[in-house]
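Here's the structure, in structure tokens; my notes come after.
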């Protein structure tokens with residue numbers, strides 16, 4: 001869903017007249033904040049219940065025990081920080097292509 005949102009918002013932010021690259025960063029941050037909050041909540045639930053779920057199972061969490069505070073912290077720092085910046089870079093490229101392909105007056 002994050003990838004679909006990335007492509008959609010990268011195109012829609014420009015064509016709707018909402019803004020440009022700075023506004024795209026905020027939109028992608030908010031989208032990633034919701035996703036990482038859900039993921040971290042799933043990891044914390046797994047820690048407290050001592051039962052694996054989709055967010056902590058070894059086959060989905062990098063091969064190790066996913067029921068650790070380090071795993072949750074990594075989603076907070078890397079998932080939210082680095083993940084948002086990487087998504088923004090890809091989104092900027094998509095928005096740049098959109099700007100070249102569609103004039104804002106025609107899109108409105």
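Numbering (our numbering), first residue to last: 1 to 108. From the three backbone atoms N, C-alpha and C, an ideal C-beta is built for every residue, glycine too. What you are looking at is a predicted structure, and each value in this text was computed from that prediction instead of being measured.
Spatially closest choice to residue i from the options, by CA coordinates
| i | options | result |
| --- | --- | --- |
| residue 60 | 77, 48, 42 and 97 | 42 |
| residue 69 | 45, 14, 81 and 11 | 45 |
| residue 51 | 65, 84 and 97 | 65 |
| residue 100 | 2, 3 and 11 | 11 |
Where residue i falls, given that 16 or more other Cβ within 10 Å makes a residue buried
| i | result |
| --- | --- |
| residue 95 | buried |
| residue 77 | exposed |
| residue 16 | exposed |
Close-in-space but distant-in-sequence residues of the same chain around residue i (CB under 6 Å, 5 per side omitted)
| i | result |
| --- | --- |
| residue 92 | 21 |
| residue 31 | 5 |
Cβ-Cβ separation, residue j to residue i (assumed contact under 8 Å), whole Å
| i | j | result |
| --- | --- | --- |
| residue 13 | residue 27 | 6 Å |
| residue 39 | residue 55 | 5 Å |
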